[in-house]
Structures are given as C-alpha cells and as structure tokens.
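Colleague: Just passing along the structure, written as structure tokens.
Right under this line is the structure:
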C-alpha cells in the first residue's frame, strides 16, 4: 500500500501522456493550463444523426463545443444558413450551440423536419457536427376492420396476421388476451418477426375469441390494439360424433384423432430467399413450419460452422440470431424442419454489406513551430468508402492555401508548420450505407515545459512494495523526462526502476534505502523545469506475539495477548473482533493495550477472537479460538423451565390496540426474566403463531398494537435462565375492522431476464398486512431521463410483473403500491432498476504486452466504451496459453488459463510464465450476461532463464583409473544451453577433501570418460548446465574407482597425497589440462551435519533440498509448520538417502518454516529455513476430449460395443440357417446365388446395416418396408453434443435436458441427398 500527501486534496491524473507520440501531443485536463493555452474548437456533444423527436415536446438539437477562445456557433438547415433570429420559436442556449425549438405553444414539429448541421468557430479554426436528420415520431391508429372468425380443423396450421400501422420508429408487437395477459408461446405456437402469430398445428384448447395484437410505440408511450380475432378449432372427436349420429354401427369404422402430416414451411415462402445485413448489426433469420407432430427446427451454415459465442437461438430455435455480424458471416444458411414423417428445408443467402467504419480515425495534433506531422483518415466498408477532406468546414480544394500542407488521399502531411497553420480538419468517409465524419485539429503551440505535479509531494510506502512517483508534465515540443535522486544525484536508470511514458517513476520493490528526495526534470528546446518529491519507506507492521487457543470453564477468566511491532513513525490502532464482528457491548470484556480480558465467561463468549493492527499504510491480524466448557458438577438446587402462564384475559377493546393480562406459572427455582407474547391470525394463517412483543418478568399485563382486518388470538410464554415454558392456552379471538393498507411491498427490484424485458419483483404483503379484503398491487414504471409519464398495471396474487419490449440495459424508475377494497396505501418510494443485459458487443482494443521478466508479463488494453458493455461491467478476462517452448521447438496440448480482473481495469499481470516460451493471449470484457468477443490474439515471448538441474547423472564402468559419466538434458532448459560444468574432488577414508577440478563440456555432449584417476578412491561430482543467463541447479553424485588387487595385495591404501595423484589426468572432452599435485584439506569426520537447506515454493507444494556431510546410508526426515505458529512440527519421512523432498498439500500465500534431520542421531538437525507459497494461480481450462484417461475410456467402450455387435450378429445368424448354408455349399459359388425376397430365412451374407435397422424380428416377406426407407428411432451419440455450446440447457438441479441432444431422426434418401451412414449405437439399440 502506498499513500501520498501534498498541499492539495487531489493530484493530477496518472494517465497523462500515456502512449504519446512526439508528433501527437495532447493537452492535459488541467484547468489552469487550459485557461492559458489557445485551442481550436472541438465538438464535445451533439444529437444523433437520425434524431426522432416527440411531436408533443419542444425539439432540442444539441451542439456543445470547447476551445480557447470560446467558440461561436452557427447552423445550416437543408444545406443553407439557418437564421435563428428570424424564427421566434427558435432560440440558442447561452454559451452553447444547442437549439431549442418551441412547439408546445401551437407549433408543429413537422414544420421543422430537415437536415441540420452545427459549426463551432474561433480564431484557430472551425469544427462541424454530423448532419442531424430531424423527424417527428408517428404512432398512427389501426385501420378499422373487423377480422373474420377463423374456423380450422384440429391439426391444421394457422396464421393470425397482425399487420400493424407503420410508425416512426416501428412499433413493438405482442399478443395478449382481454385480461392483458400474454398469450403463452411454445414450439407449436409462436410469434414471428413480422408480428404474426403462427400455429404449427391447432388443438381444441386454442379455441378462444380474444386473440388481440398490440402495437407499442415507445417514443409516445402509447399502445394500440387490433380488433380481437376469434378462432374455433373443430376436433376429430366432435366430427366422429356427428358422423356416428347419421350412420349405423356397421357403417362407422372410427378414425384416428389427428392425422399426422409432413412439415411444411409457413414462413419464409419457397425453397430459397436472400437477406442483406450491415456489418456490426444483428442478423435475424426465421423459419416457422407447420406439421403434426410439431416439427423441430435445426440451423446449419453450408460450408462452415455457425460463429461461436455470437450465435443464439430464439423463439424455440425458429429464429437464428447472430450478433455483431462481419463479412465472414456471409453465406448460405439452411433451416431444416423435421418430424417423424419427413423434413423440409429452406436456404437463405446472406450478403453482408458495411457502412463506413474507422480503421484509423484522425487524431488532434499539437505541434511546435517548425515541426512535421500527419493526419491519417482510413476507413473501410462495403462498398469501399470515398474519403473527402475539409478544412474549417470547407472542402479542402477550395480552402485557403497552406504551404505547409500536402494532401495525399487519406493522409494530410504537414512540414515546417507555423502558427498560422492552426486549423480544424474534417474527414468524411461515405458510401451508399452511411458516412463517418471526424474533426481533428492541428494546433501550433510553442510552450516551454511545465510540471503539473505539486512540489514537495510526500509519498509513503511499506518496504518491499512498489512506489509510484508522479511527474505530470506538458510542453511543446514534447519534453524529455529525467529522474535524479538527491540534490546532486546521478541520473536514475537500470532494472531497479521503471519509467512510464506519462513521467511517472516506478520503484517495483522499494527498500529502506530508497527513502529520500527525488527530482524530476522536464526539458525541451524552449527550456526546462524541475520538481522535487519526497519518498519515505516504512517498516511493515507485524504481530510478534499472537493470541493463543484457550479452553475455559464457565464463570472463569481468560486473556488473549497481542503484541505488535511497527514503524516508529506510524501510529497503529489495535482492534479486537469476535467472529469477524465488533466486540459485544459488555463490561465483562476489557480491552488493554496489548491484551483482551474476559471476566466471568459464559457460553455466549464462545467463538473466534481476532486482533487487528492497522496503520495508515498496512494492516495485519491474528486469531484464536475460545472454547467454553461446563464446570465440574456440584450438588445444587434443581432448576427447570417455568410453568406456562394461565387465565389469559382481553380488555380495553379498541380498533388498533387491546390489553392482555395473565397469571404467571411456577418459576421452578429460576426467576422469570420476561414474558413473550405471540399471536395467531385465525383468518389468514390459522395454526401459525407469530412473535408480537415481550415484557419484563415482573409485569403481567401488556398493551398490544393491532392491525386492521385480523382475527387475533394470543398466547404467552414465560422465560427464565433455563429456557422457555410451554405456551399458555390461547386467549379468546378478537376481529379488528378493515382499513386501507398501511404499507407497500418491500424488496422491490427491477432486473431484466432477457435483453428486451424488465422483470419487476417485490415481497408481497402478508395476509394481516393487507388491512382488508381484495389486496392488489399497482405496478408503475417509466424509463429514467426519457419518459415523463408512468405506465401502470394493477395485478393480484402475484409478486412479479414482466415489462416486454424494453431497450437493452437502460435504467427504469419503478414503484409498487398496495391497495384493497377500501383504498390505496401511502405513495410508495421509487427504486431504480435496469432492463435486461445482453452480451458485450465489442472486444478491448490496443492490447499490449510488456514482458517484465522470464516468468512475469504485464498486459495493457483500452477499455471498451461503456455503451457497448450492455450491462453491469464486471471486469475483464484474459485468456492466455503457451504455444511452444522456444528451446525444444515442440508443440504440446494447448492448456488455456484464465485471469479475471474485476472492475474497469486497463491492465493486469500474468504470473507463472515459463521462460523462453511463446505465448498467445486475448482479452474479453465481462458483464452479468457473460463474455464479449475476444480481442485479436496477441503473441509474446518470454526471455531465457537459468536451466533446471540435469535430469540424471549416472556413473558407470568403474575401472582402476577411469569412470564413465552419463547425464540427461535438464527437464526445463529455459533457454539455449551453452555448456555443462563438471566439478569433482577426491575424498579419502578420513574424510579429507582433495582439490576441486573443473572442466567445461560442450552442450551437445551427453557422456564423458574421466581417465588417469587414483585407484580405490572415492570421488564426489558436481554437475550443472548453463545458458546465456547463468548457471542452473546442480546435481551431485559419488563413485569409487576399482582397487588394483595385484598391486594392493597385503598393502594398505596410500596415504593422502601419495600415489600417482593427478599428474597424468586426461579427459576426452578437454585435451589441455595441467598437471596438479593434490593438496588435501582436513574435514571433521566425527560429527555429520546437514547444511544449506533451501526451498523452492509453488502454489501448494515446495521442493526442499539440502547438503549432507557424514556417513552414508542415513535416513532423513523433514519437519515443517506455519511460520510464527505455536503448533507442533509436522514430520515427513524421506525415502532412501535422497537430499531432496517435495512437501505437498500446502496452503497458497502462507509462510512456512522447515528443517531437516536424520533418524537415529540425537541433536542432528539442520537450522530452520522460511519460505512462502505463491498466491492462487489462474484457473485452467482442460479440454476433457484430449485427456488420456477419457480417450482410453472411449476406446474401451467402442471395443465393448464392437464385441457385442459381433456376438449379436452371430446369434441372429445361427437360428435356422444351417440347412441353407449346407445347400449353398452343395451348389455353385454362393456369391452368385440370388436371394429370394420371400425366403423366410435371414441369409448367410446379410449385411450388418440391415441388422442394425431391424428393430423387431422380421416376418416372412417383410425384410424391409415397402417404401425402401428406414426409420431411426435413436439418435447417434456424439461427443460434440456434450460440448459447451450456447445451446446447452440444464435444469435447476444441474441435470442436462435431453441427454442426447443430437440429430433425432435420419432423413429418408431423397433426390440428391446422401443417406446417413449406419451408427453402431443404433445397431445396438435395435437388439435391445
């Protein structure tokens, strides 16, 4: 944590000059600086291009601009100057260009339709607004017509046409009944995109006379309805009864209730159609089919896949919705409607055009005299847009000549600019689908550097935390920033500091010696300025004596200690908590300076007590548990619950109060502390008792407040220290009179469940709160800052109302008022809700990766515009994965990781990267609905690191004077290996160490023969690899040369320094070695020791290693525990005599202490080492389809199915087939024997496919259906069906809806359509 103190309450923003270019300066938003600098006009606010206004209200056309000096404003209408002084109804707001057209006093909005454009001008240029098209909204009435009643046969298809009046903007359509209830929709009955109501097949329950189409015009907040449509469905049962009345029993055979029929498309018509959509819009394709049973719709894209994360199915899969359409979405989309009798399809050819969109929009230029610069305006579209430049609102071809300016297509180049070159340039990119207009000024300024950070600002930071020192600046040309420490210090540079583009100096890990004065100097050719800031690095706060676990008997006393150590310049505060909440207000709890004491403890004191030490810069805490136990039992008076009160009496009957009296029961040796009074609402909730009030144990009467329209009955419960008595007998009943409701519902919320609705919910009043009969709720809503009038409905017996047809994620004012038959409750308060969220529309732009070191990278991105989030911004999510190791050049399974950064963040850190590797990442914005599209993948690489230890070191072929060494490559090279280092030295029987010899081995070697060694001598080897960064971890091994039995028979081993030693030592990989006479150093042989204990910690495990000196074949153990804890050490046994061990199951982000010992030796223990596990790492997404166990399981299942198929095939072919086989063997070649279709046998050469298609044993003469088609009743199981697609549906308990949601039935082979291959699963199903 870091804080800053200065003379001002606020500081200049840190974002100044981030990503600045020398030719594209930006003026900081400093008020004093803005007052001094001249600046051309900039349009800051304007009305939308297509502006639909309410004809009942004044027309306000916005145009706001900033500049120095303040700009003046003028307007054009339909291309000519608009003189507002000549129209009394038109006024311009002071110090603004916003027009107000007064039409509320007799004016007509239609008279002011047209195209408006605003110009803001000062002495440095002129900026223009977009062309603003003003049109009044229209909500025409429905044409008067009386729809003809619809009479249809059960099972037929039906379309009820809406045909709403054409309004501006188009209305929102929905179907309701006379009771204003939405008509239920399903796969069978649904509303089309054009507003018509489609019935795939009608049923008798569809008969009704109030099918009403409503059109809602949002701008005028009006709803209009069409005349009700009557539908009568004739069922087959009623027709059969009519026929039966006129026919004899012998003539009437009966009929199937509803005739099944193949699917037919109700919309669109024909087999093909076309659709043109603009880039960035939402593509909606619709297919609605009729048929019995109701057809199921399936969508496919010919020659491709539907875009993931942007494809949604609506209206029971009848509507295909693709958001944020791009050119890649063009193509043929096919909808297939299928039921058990067949299928029908329709192909829609989608063409994607594009209105102009920016590739590079022109940006403001701030240049100094004599500098060069460019304005770039690049846009794309379909068709390609035309680029036109304007200067100060005038076509550049006829604008005043500027010798420093040169236009080259989409680029304007400036060279050797002067102050007169200041102007505002407009770029217009247009095609037949729209246009883009951007203003960008060129401002010529000559300003010496200015530092905006306040002088002598004080920064305070805790040691080992980052420190950020501000140096906000401005100047033209852009100043150069340098930092110095101390009054005459050197220029700061190197890896210990990070210099940001906005002038900020970052010290990643501040130490105590970082304290001091830092000087920031900004300089350009016009001068320089400097500023000093102060940095203080404080010691961290620590709890050196923590509270400990306590077990105390009741009525005892307990004390918790908490001693802290802190920086002497910081003032700490110590706070005690109980169960993470404030301490109870109890005089028994005494808080001292370094302790907490509890006197006369009771059971309610049981819990967790936490000591929290806070300073202005950091905070630490420690906890302990207090357990209360019962004292040893002693003979005492028997205490018990009190007896229940009796003889309850009601007196003083009033409308809103009554008096209750009673006689207490026996207290059973424990005084009654209080009486609890409960009531029963016999009318609304019989049998349910509620808490009313309680009175002291010395009181036997109570004045009770009552609510209207409640039939009360009361009872009393006595309470003492032992517990509660049984309830008394109920009192007599008392019914109060009805009245208006006193209160409104609580818990009112407005949260959309879909992008186009608002779900208003509330906590309904309880029965007694209604105060009278006929409880209802008046639900009112209006769009915040957009609607003046409330829209209201009155509902009953519900606690939810859904407002449909709302814009996506806009705020609404909501209120719910209760009422009954006697009147309304008081006016309710308003709450703010939001309509439904939708997935974010755009991906973050300008994703940049800054690799900090070989395992850590920092990611920056530009925040997406909030209006494109379309919901509550929850944060940003980074997906990143390793592509390959740059040293091994081998790809592996992509294991994606996810890091989520909450809030409106623009950067994040990626920890735990592997050195010398290539990574990819993308960034997505997240709201309450889900993730938005991903940004383009960004590739980055991590630098080299030091390698791990070689994977193994083996010493083989011991000879008299040589040993062979073999080794494996490091498991993690972490770069390009440059060499291996081998060090070795002899050890004699008295534990004396000889001289250390070092040789370097090329990185491509994997073995080495050491020659001319001493016979019968033990050697110790140290081996490690190197990269360009440095040396890696070493691996050690020991080996002994063979004894020369011929020479050594009867002779003791040579003394230290005797023998041939190293005088003739030669190595295969090192041809030049010097003759060395060994000099041995005495080591202590008696007392073994363990030293150099080290730990390499990860998130939940740590690798412990150590060095051992002493006798061989020792059994080691590792002890560890939480640092600073009083708990006993945990002990793990090390298998064998290894010098390393892995501790598992550790807690992330926790400090541990560790030590190593050897079994069987007293006081043989290493010193303690302390390490800390890493923080919890990002979650990993594992693709189950690529896991080895899953692939093995699927192979086993497939093999089992194949075996069962073979067994079933053999069993089916055995029955009654041996005579046929013998006859075939007795005749000619069986392959040319014809198979008779009327033969009752199966045939010896029957195909597996025919077996798979038989669901029942075939009868004679019926081997296949007469129409030569085969129905498939069971769908093919597919792993794709279990993927995480957007169509996966789950029940509330998490179970999957439709366990095998794939292709339901096989289409019959028709025309040129290819038949589907037989499925082994279907073959198995046919035998079950």
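Residue numbers (the working numbering): 1 to 1328. Idealized CB from N, CA, C, for every residue including glycine.
Measure the alpha-carbon distance for residue 674 versus residue 695 and round it to whole angstroms.
Modeller: Start at 1 with the first residue of the chain shown, and residue 674 comes out as number 674. Start at 1 with the first residue of the chain shown, and residue 695 comes out as number 695. Cα to Cα, the separation comes out at about 6 Å.
Colleague: Start and end of the beta strand (DSSP E) containing residue 152?
Modeller: Your numbering for residue 152 matches position 152 in the chain shown. Counting along the chain, the beta strand (DSSP E) containing residue 152 begins and ends at 150 to 153.
Colleague: Mapping the DSSP letters down to three states, classify residue 443 as helix, strand or coil.
Modeller: Locating residue 443 in the chain shown gives position 443, counting from the first residue. In the structure shown, residue 443 sits in a strand (DSSP, three-state: E or B).
Colleague: What would DSSP say about residue 768, mapped onto helix, strand or coil?
Modeller: Within the chain shown, numbered from 1, the residue matching residue 768 stands at position 768. If DSSP states are grouped into helix, strand and coil, residue 768 belongs with the helices.
Colleague: Out of 581, 456 and 476, state which residue places its alpha-carbon closest to the alpha-carbon of residue 533.
Modeller: As a working note, residue 533 is residue 533 in the chain shown. Measuring from the Cα of residue 533, the nearest candidate turns out to be 456.
Colleague: Could you spell out the range, first to last residue, of the beta strand (DSSP E) harbouring residue 617?
Modeller: Taking the first residue of the chain shown as position 1, residue 617 is located at position 617. Here residue 617 belongs to no beta strand (DSSP E), and DSSP marks it neither H nor E.
Colleague: Ignore the nearest five residues each way along the sequence and tell me which others in residue 298's own chain have a CB closer than 6 Å to its CB.
Modeller: Position 298 of the chain shown holds residue 298. Around residue 298: 336.
Colleague: Leaving aside the five residues before and after residue 549 along the sequence, list all residues of the same chain whose C-beta is less than 6 Å from its C-beta, in chain order.
Modeller: On the chain shown, residue 549 is found 549 positions in, with the first residue counted as 1. The residues are 624 and 625.
Colleague: Just the Cα atoms here: how many angstroms apart are residue 928 and residue 872?
Modeller: Stepping through the chain shown from its first residue, residue 928 is reached at position 928. Stepping through the chain shown from its first residue, residue 872 is reached at position 872. Answer to the nearest angstrom: the Cα atoms are 6 Å apart.
Colleague: Given a cut-off of 8 Å on the beta-carbon distance, is the pair residue 553 and residue 664 in contact?
Modeller: Here the question's residue 553 lines up with position 553 in the chain shown. Here the question's residue 664 lines up with position 664 in the chain shown. No, these two residues do not count as a Cβ contact at 8 Å.
Colleague: Where do the N-terminal and C-terminal ends of the beta strand (DSSP E) with residue 602 fall, by residue?
Modeller: Taking the first residue of the chain shown as 1, we reach residue 602 at position 602. Unbroken run through residue 602: none, as it is neither H nor E.
Colleague: To the nearest angstrom, how far is the alpha carbon of residue 309 from that of residue 196?
Modeller: Counted from its first residue, the chain shown places residue 309 at position 309. Counted from its first residue, the chain shown places residue 196 at position 196. Those two C-alpha atoms are separated by around 29 Å.
Colleague: What are the residues that DSSP puts in a beta bridge with residue 712?
Modeller: Along the chain shown, read from residue 1 onward, the residue named residue 712 stands at position 712. Residue 712 is bridged to 681 and 734.
Colleague: Using the three-state DSSP reduction, which class does residue 816 fall into: helix, strand or coil?
Modeller: For this step, residue 816 is matched to residue 816 along the chain shown. In this structure, residue 816 counts as strand in the three-state DSSP scheme.
Colleague: For a minimum of 3 consecutive residues, which ranges assigned as the beta strand (DSSP E) are wholly contained in the region 750 to 795?
Modeller: Within the region 750 to 795, the runs of beta strand (DSSP E) at least 3 residues long that lie entirely inside it are, in chain order, 757 to 763, 776 to 783 and 791 to 795.
Colleague: Which same chain residues, not among the five before or five after residue 986, have their C-beta less than 6 Å away from its C-beta?
Modeller: By one-based count along the chain shown, residue 986 stands at place 986. Once the five neighbours on either side are set aside, the close Cβ partners of residue 986 are 994, 1017 and 1019.
Colleague: On the criterion of 16 or more Cβ atoms from any shown chain inside 10 Å, does residue 788 qualify as buried, or is it exposed?
Modeller: In the chain shown, residue 788 corresponds to position 788, counting from 1. The residue in question, residue 788, is exposed, as its Cβ has fewer than 16 Cβ neighbours within 10 Å.
Colleague: Please name the residue, chosen from 567, 561, 588 and 587, that lies closest to residue 575 on a Cα-to-Cα basis.
Modeller: Mapped onto the chain shown, residue 575 falls at position 575. That would be 561, whose Cα lies nearest to the Cα of residue 575.
Colleague: Over what stretch of residues does the alpha helix (DSSP H) that includes residue 867 continue unbroken?
Modeller: Taking the first residue of the chain shown as 1, we reach residue 867 at position 867. Start and end: 866 to 869.
Colleague: Determine, using beta carbons only, whether residue 856 and residue 921 come nearer to each other than 8 Å.
Modeller: The residue labelled residue 856 in the question sits at position 856 within the chain shown. The residue labelled residue 921 in the question sits at position 921 within the chain shown. Going by beta carbons, residue 856 and residue 921 fall outside the 8 Å limit.
Colleague: When DSSP labels each residue in this structure, what does residue 929 get in the three-state scheme?
Modeller: As a working mapping, residue 929 is identified with position 929 in the chain shown. The answer is coil: DSSP assigns residue 929 none of H, G, I, E or B.
Colleague: Starting from residue 520, trace the beta strand (DSSP E) in both directions and tell me its first and last residue.
Modeller: Counting from one through the chain shown, the residue named residue 520 turns up at place 520. Here the beta strand (DSSP E) through residue 520 covers 516 to 524.
Colleague: Going by the beta-carbon positions, is the gap between residue 79 and residue 120 smaller than 8 Å?
Modeller: For the purposes of this step, residue 79 is taken as residue 79 along the chain shown, with counting starting at 1. For the purposes of this step, residue 120 is taken as residue 120 along the chain shown, with counting starting at 1. No. Outside cutoff.
Colleague: Answer yes or no: do residue 342 and residue 216 have a C-beta to C-beta separation smaller than 8 Å?
Modeller: Within the chain shown, numbered from 1, the residue matching residue 342 stands at position 342. Within the chain shown, numbered from 1, the residue matching residue 216 stands at position 216. Result no, Cβ atoms of residue 342 and residue 216 do not sit closer than 8 Å.
Colleague: How big is the Cα-Cα spacing for residue 1138 and residue 1116?
Modeller: Against the chain shown, residue 1138 aligns to sequence position 1138. Against the chain shown, residue 1116 aligns to sequence position 1116. Near 8 Å, if we compare the C-alpha coordinates of residue 1116 and residue 1138.
Colleague: Run through the region 959 to 1042 for me and flag every whole beta strand (DSSP E) of 3 or more residues, listed as ranges in chain order.
Modeller: As summarised for the region 959 to 1042, the continuous beta strand (DSSP E) elements at least 3 residues long and confined to that stretch are 963 to 967, 979 to 987, 997 to 1002, 1007 to 1010, 1018 to 1026 and 1035 to 1040, given in chain order.
Colleague: Run the CB neighbour count on residue 1195, radius 10 Å, all protein chains shown included, and call it buried at 16 or more, exposed below.
Modeller: If you number the chain shown from 1, residue 1195 lands on position 1195. The residue in question, residue 1195, is exposed, as its Cβ has fewer than 16 Cβ neighbours within 10 Å.
Colleague: What residue from 489, 485, 611 and 483 has the CA that sits closest to residue 542's CA?
Modeller: In the chain shown, residue 542 corresponds to position 542, counting from 1. Residue 542 has its Cα closest to that of 611, out of 489, 485, 611 and 483.
Colleague: Using three-state DSSP, classify residue 1346 as helix, strand or coil.
Modeller: One cannot answer for residue 1346 here, as it falls past the ends of the chain, which runs 1 to 1328.
Colleague: In chain order, what residues of the same chain have a beta carbon less than 8 Å from the beta carbon of residue 1162, not counting five sequence neighbours either side?
Modeller: Reading the chain shown from its first residue, position 1162 is the one you call residue 1162. Low confidence applies here, because residue 1162 scores a pLDDT of 48, under 50, leaving its location unreliable and the question unanswered by this model.
Colleague: Take residue 803 as the anchor and find which of 835, 301 and 467 has the nearest alpha-carbon.
Modeller: For the purposes of this step, residue 803 is identified with residue 803 of the chain shown, where counting begins at 1. Residue 835 is the option with its Cα nearest to residue 803.
Colleague: For the region 137 to 196, which segments carrying the beta strand (DSSP E) assignment without a break, of at least 3 residues, lie completely within its bounds, in sequence order?
Modeller: Segments of the beta strand (DSSP E) lying fully in the region 137 to 196: 150 to 153, 158 to 160, 172 to 176 and 189 to 191.
Colleague: Quick check: the Cα distance between residue 209 and residue 179, rounded to an integer number of angstroms?
Modeller: By 1-based counting over the chain shown, the position of residue 209 is 209. By 1-based counting over the chain shown, the position of residue 179 is 179. Taking the straight line from one Cα to the other gives about 12 Å.
Colleague: Please report the distance separating the alpha-carbon of residue 384 from that of residue 530.
Modeller: As a working note, residue 384 is residue 384 in the chain shown. As a working note, residue 530 is residue 530 in the chain shown. Approximately 51 Å between the Cα atoms of the pair.
Colleague: Output the boundary residues of the beta strand (DSSP E) element that contains residue 335.
Modeller: Within the chain shown, residue 335 is the residue found at index 335, counting from 1. Note, residue 335: beta strand (DSSP E), 331 to 339.
Colleague: Whether or not the region 309 to 320 and the region 274 to 288 are in contact is what I'm after, with contact meaning three or more pairs of Cβ atoms, one per stretch, closer than 8 Å; do they touch?
Modeller: yes
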